[in-house]
Amino acid sequence: MAANEFEKNVQKAMDEFKLHPSGEVWEKIAERIGERKKKRRIIFFIIFSGVALGLGGYGFYHFKENKKLVSETGVSKPGGSNSAGDVQKGEENKTNIPGNVQTKNKTGANGITPEKEFNKTSVYKKGLAVQDKNKLTGKKLLTVDHTFALMEKQPLASVNKKESEKNLSTDLQSQDTKLNGHLNSKEESSNDVGNKENSVTKAETKTDQQKEPDSASAKNKNDQANFLSQDKKIKKVEPSGKILKWGLDISVGSSTLSQDRFSFKNKSSGGNAYLSSPAGPIIGSPSGFTNPPVPNRSSLAFKAGVALKISISKRSSILTGISYNYLADKIKTGTKQNTTLQVANSYNTSVYYTSTSQKEFTDRFHFIEVPLVYDWRITGNKDHFISVNSGISAAYLLCSNALVYDTSAGGIYYHNKNVLHRTHINFSSGLSWHFSKKQFECIIGPQFSFDLVRNINSDLDNRKYFIYSGLDAKIFLNKKKKK
Amino acid sequence: MDYNKLVKDCLKARPDAQRQLYEHFAETMLGVCYRYTKSLKDAEDVLQEGFVKVFFNLKQYRNEGEIGAWIRRIMVNTALNFLKRNRHYSNQMYFLEEHLHPVISDDPIVMLQAKELTDLIRQLPPGYQTIFNLHAIEGYSHVEIGELLGITDGTSRSQYSRARALLISWIENYSVDNKKENYGRK
């Protein structure tokens, strides 16, 4: 046989050679493709959730911190109502500085040289404004040092304290002298009146003169003490006003699959749709009659996970975290058949159940969920109060043993993961009772959640949207205060 | 069939397109895998592994050549990896024993002439079988085979010539036996 001829003949023969693979091969291939998709989705879901949680937490933490600073010091960022462009007129000792920024001009009083002050005022131009507060209104002053404290991330309370001590010592000195002068003149006038009325002796006048400055200085000292105590309050508020709290979240209840969104309607409606089979010839139903899907019932469900409470204000907070959700519903199926059958969308199933109510089957769904819930306190007491909450959550279906209805072979139930939606968005709402003890804070109350994404992507199966109702409990541990 | 559209749909991870691509090439590719293995089960394992690779790496296919040839190359490489990985094959890869190697009779429904030839190829020792498949059927050069299997091109050449001679003698014997059988029947 010629050298090339042999190879050519072999190649020709082999080109025609074909073998039909068994059905299992494609099933395994499809399964492996699905696994990869699932893994990729889980990774994306975890990354997305982590980033969202991180950004959300960071944002709320800073939002809260800035809000606190604004409320306590009157500092606002550029673009706010007290922006650098705004000019606030004080009553005294103020100088207009280029850039429409006003600052309190206390040259020498704070030990700030004009050069230093000019440099510092340039910081204001960058976006910080001073809101001058009148001592008479009891509000605190924001001076250049506050700004520098913010810029250099120094503890504000310590700067406040230092500055207030400085201010007060100089203010007290000047006020004492002023008051002495003022009181002396007052004394003189009152002495005049007293002389006129013959009710006050010179000795009494002297003691009054001594007492009045004393009371004035005492008042000033009280002011100083109040001022310092306000600073102490600032110190106290910051550690105790914890913004983020971690805890456990457990919820037990029941779940079912409904026909419509926000509806408890889960009864199947047998009708014309079940008289014909679009998926092919009906095997085992001689008259062409197809059993409609059996009504489903609710089943035990639970959620467990880690919760994070982000306090936004005195009354409101955001609850988030990550949890494992077990949701289920029950149906009654017929006998199990181990025969390969082609159903809708050319899907081959080797195991199916007839659609006759004989045995109870529980469709189990395992989800991982990231909720984002807004909680608002409606009653007054801080320690024991009731709140309403609502929010959304993103959930990912990890696995399920769910049976799906199909009109083939006179109505059957079969396993098909391809028609189950993996990613879900839920709307949740509830009422909670909050109570806090020294060591923990507890939130307990009823919770409802409705699925916004269809669960079973099949026109033949009416069970579409998940509904969950249950009792939800969250426990947040309080850290022990350092002595 | 519009392969470009099919590939695009597969890249969009559409299950129906993936199924269509598989069904179009599965039979031919199983024939390829079958030639490299000793049982249909092994061939199906290679086919499964190969198609998983096809779907995972489809974005690397740049419409430069025929999709069938690209899939075929993946199948051949998968089969070679399977042979290296599988002890049953790798131990006998270059065992030069010139007698029939038993194969599992799967009795698939195939075209008789091609099946007979395939069965004879499959009865070659694994080393001969692989090199014969790569050179005579897939058209790889001995240098390429050497690179693929980690042997010298000289070894590939010598093993191929032995495999070829062995196969020709078996084909001749098979034809004689068949003729005798046919005469006996007549």
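From first to last, the protein sequence lines stand for chains A and B.
Residue 139 is where the first sequence starts when you use the working numbering, and the numbers rise one by one after that.
Residue 14 is where the second sequence starts when you use the working numbering, and the numbers rise one by one after that.
We put the beta carbon where it would ideally sit given N, CA and C, even for glycine.
In or out: alanine 168 of chain A buried (at least 16 other Cβ within 10 Å) or exposed? Here residue 168 of chain A corresponds to residue number 30 of the first sequence, with the count starting at 1. Its Cβ being crowded by 16 or more others within 10 Å, alanine 168 of chain A is buried.
CB serine 436 of chain A to CB serine 393 of chain A, shorter than 9 Å? As a first step, residue 436 of chain A is located in the first sequence; it is residue number 298 there, counting from the start. As a first step, residue 393 of chain A is located in the first sequence; it is residue number 255 there, counting from the start. Result yes, Cβ atoms of serine 436 of chain A and serine 393 of chain A sit closer than 9 Å.
Can you name the residues that DSSP bridges to tryptophan 83 of chain B? On the second sequence, position 70 is the one that residue 83 of chain B refers to. Looking at the DSSP output, tryptophan 83 of chain B shares a beta bridge with no other residue.
Using only CA atoms, which one of A/Asn527, A/Asn539, A/Phe604, A/Asp387 lies nearest to isoleucine 563 of chain A? The residue you call residue 563 of chain A lines up with position 425 of the first sequence. With distances taken between Cα atoms, isoleucine 563 of chain A lies closest to A/Phe604.
Neighbour list for leucine 446 of chain A in chain B, Cβ cutoff strictly below 7 Å: In the first sequence, the residue the question calls residue 446 of chain A occupies position 308. Under the 7 Å cutoff, chain B gives no residues; its nearest Cβ is about 34 Å from leucine 446 of chain A.
Should lysine 602 of chain A be labelled buried (16 or more other beta-carbon atoms within 10 Å of its own) or exposed? Stepping through the first sequence from its first residue, residue 602 of chain A is reached at position 464. By the neighbour-count rule (16 or more Cβ atoms within 10 Å), lysine 602 of chain A is buried.
Assign tryptophan 83 of chain B to one of two classes, buried (16 or more other C-beta atoms within 10 Å of its C-beta) or exposed (fewer than that). To locate residue 83 of chain B, count along the second sequence from 1; it is residue 70. Per the 10 Å Cβ criterion, buried.
May I have the straight-line CA-CA distance separating asparagine 593 of chain A from glycine 140 of chain B, to the nearest angstrom? Position 455 of the first sequence, counted from the start, is the residue given in the question as residue 593 of chain A. Position 127 of the second sequence, counted from the start, is the residue given in the question as residue 140 of chain B. Approximately 53 Å, taken between the alpha carbons.
So, helix, strand or coil for serine 451 of chain A, using DSSP? Reading the first sequence from its first residue, position 313 is the one you call residue 451 of chain A. Coil at serine 451 of chain A, not helix or strand.
Hey, could you find the ends of the alpha helix (DSSP H) leucine 34 of chain B is sitting in? Here residue 34 of chain B refers to the residue found at position 21 when the second sequence is read from its first residue. Counting along the chain, the alpha helix (DSSP H) containing leucine 34 of chain B begins and ends at 28-49.
Determine the contact status of leucine 93 of chain B and cysteine 23 of chain B, defining contact as a CB-CB distance below 9 Å. Here residue 93 of chain B is taken as the residue at index 80 of the second sequence, counted from 1. Here residue 23 of chain B is taken as the residue at index 10 of the second sequence, counted from 1. No, these two residues do not count as a Cβ contact at 9 Å.
Give a yes or no on whether 9 Å exceeds the smallest Cβ distance from glycine 163 of chain B to chain A. Position 150 of the second sequence, counted from the start, is the residue given in the question as residue 163 of chain B. Output row for glycine 163 of chain B: interface = no.
Interface residues of chain B facing isoleucine 177 of chain A [CB-CB closer than 7 Å]: Taking the first sequence and counting its residues from 1, the one referred to as residue 177 of chain A is at position 39. The residue asked about is misnamed: residue 177 of chain A is lysine in this sequence, not isoleucine. Those do not exist, as lysine 177 of chain A stays about 12 Å from chain B at its closest Cβ, beyond 7 Å.
With 16 other CB atoms within 10 Å as the buried threshold, where does cysteine 537 of chain A fall? Start at 1 with the first residue of the first sequence, and residue 537 of chain A comes out as number 399. Cysteine 537 of chain A is exposed by the Cβ-count criterion.
Along the alpha helix (DSSP H) that carries lysine 18 of chain B, what are the first and last residues, could you check? What you label residue 18 of chain B is simply residue 5 of the second sequence in a count that begins at 1. Residues 16-24.
For the region 471-497 of chain A, which residues have a beta carbon sitting closer than 7 Å to at least one beta carbon of chain B? none
8 Å contact criterion, which valine 591 of chain A and histidine 559 of chain A should meet: CB distance rounded: Here residue 591 of chain A corresponds to residue number 453 of the first sequence, with the count starting at 1. Here residue 559 of chain A corresponds to residue number 421 of the first sequence, with the count starting at 1. Sure, about 6 Å apart at Cβ, within 8 Å.
Positions along the region 55-82 of chain B whose CB lies within less than 8 Å of some CB in chain A: Ala56, Glu57, Leu60, Gln61, Phe64, Val65, Phe68, Phe69
Give the interface partners of proline 138 of chain B over in chain A, defined as CB-CB distance under 7 Å, in chain order. Locating residue 138 of chain B in the second sequence gives position 125, counting from the first residue. Within chain A, no residue comes near proline 138 of chain B; the closest Cβ sits about 18 Å away, beyond 7 Å.
Taking 9 Å as the threshold (C-beta atoms), are asparagine 556 of chain A and tyrosine 485 of chain A in contact? Mapped onto the first sequence, residue 485 of chain A falls at position 347. Mapped onto the first sequence, residue 556 of chain A falls at position 418. Yes, these two residues count as a Cβ contact at 9 Å.
Does DSSP put leucine 162 of chain B in a helix, in a strand, or in coil? Within the second sequence, residue 162 of chain B is the residue found at index 149, counting from 1. It is helical.
Using a C-beta cutoff of 9 Å, does phenylalanine 155 of chain A count as contacting chain B? Within the first sequence, numbered from 1, the residue matching residue 155 of chain A stands at position 17. Interface residue, yes.
Which term fits alanine 442 of chain A, buried or exposed, when burial requires 16 or more other beta carbons within 10 angstroms of its beta carbon? In the first sequence, the residue the question calls residue 442 of chain A occupies position 304. By the neighbour-count rule (16 or more Cβ atoms within 10 Å), alanine 442 of chain A is not buried but exposed.
Three-state class that DSSP yields for leucine 615 of chain A in the structure shown: As a first step, residue 615 of chain A must be located in the first sequence, where it is residue number 477. Strand at leucine 615 of chain A.
When the cut-off is 9 Å and only beta carbons count, does isoleucine 117 of chain B lie next to chain A? What you label residue 117 of chain B is simply residue 104 of the second sequence in a count that begins at 1. Only weak support is given to the placement of isoleucine 117 of chain B: the predicted model assigns it a pLDDT of 49, under 50, and the question is left unresolved by the model.
Among A/Ala151, A/Tyr552, A/Lys146, A/Ser566, whose alpha-carbon lies nearest the alpha-carbon of proline 584 of chain A? Against the first sequence, residue 584 of chain A aligns to sequence position 446. Looking at the Cα atoms, A/Ser566 is the closest of the given residues.
Cutting at 6 Å between CB atoms, please list the residues of its own chain near glycine 159 of chain B, excluding the five before and the five after it. Residue mapping note: residue 159 of chain B aligns to position 146 of the second sequence, counting from 1. Counting only Cβ-Cβ distances below 6 Å, and skipping sequence neighbours, we find Thr165, Asp166, Ser169.
Give me the Cα-Cα distance between phenylalanine 573 of chain A and lysine 452 of chain A, rounded to the nearest whole angstrom. As a working mapping, residue 573 of chain A is identified with position 435 in the first sequence. As a working mapping, residue 452 of chain A is identified with position 314 in the first sequence. The alpha-carbon atoms of phenylalanine 573 of chain A and lysine 452 of chain A are separated by roughly 15 Å.
Please report the distance separating the alpha-carbon of serine 260 of chain A from that of leucine 510 of chain A. Counting from one through the first sequence, the residue named residue 260 of chain A turns up at place 122. Counting from one through the first sequence, the residue named residue 510 of chain A turns up at place 372. Reliability of the predicted coordinates at serine 260 of chain A is poor, the pLDDT of 45 falling under 50, and the value obtained from them is presented with this limitation in mind. About 42 Å.
So with Cβ pairs under 9 Å, would you call glutamate 157 of chain B a contact of chain A? Taking the second sequence and counting its residues from 1, the one referred to as residue 157 of chain B is at position 144. No, its Cβ sits nowhere closer than 9 Å to a Cβ of chain A.
Contact with chain B by arginine 170 of chain A, beta-carbon distance below 9 Å: Against the first sequence, residue 170 of chain A aligns to sequence position 32. With 9 Å as the cut-off, arginine 170 of chain A counts as an interface residue toward chain B.
Measuring straight from C-alpha to C-alpha, what distance separates leucine 133 of chain B and asparagine 429 of chain A? Position 120 of the second sequence, counted from the start, is the residue given in the question as residue 133 of chain B. Position 291 of the first sequence, counted from the start, is the residue given in the question as residue 429 of chain A. If you draw a straight line from the Cα of leucine 133 of chain B to the Cα of asparagine 429 of chain A, it comes to about 54 Å.
Cβ shell of serine 425 of chain A (< 7 Å), same chain only, five flanking positions each side left out: One-based indexing of the first sequence puts residue 425 of chain A at position 287. Its pLDDT being 47, under 50, serine 425 of chain A is placed unreliably in this model, and the value from its coordinates should be taken loosely. So the list is empty, once near-sequence residues are dropped.
Do valine 481 of chain A and asparagine 554 of chain A have their beta-carbon atoms positioned less than 9 Å apart in this structure? On the first sequence, position 416 is the one that residue 554 of chain A refers to. On the first sequence, position 343 is the one that residue 481 of chain A refers to. Contact: yes.
Valine 375 of chain A in three-state terms, based on DSSP: Taking the first sequence and counting its residues from 1, one reaches residue 375 of chain A at position 237. Low local confidence applies: a pLDDT of 40 at valine 375 of chain A is under 50, so the model's placement there is unreliable, with the coordinate-based value given in what follows. Three-state DSSP puts valine 375 of chain A in a helix.
Shorter than 9 Å from the beta carbon of histidine 37 of chain B to some beta carbon of chain A? Against the second sequence, residue 37 of chain B aligns to sequence position 24. No, because no Cβ of chain A sits closer than 9 Å to the Cβ of histidine 37 of chain B.
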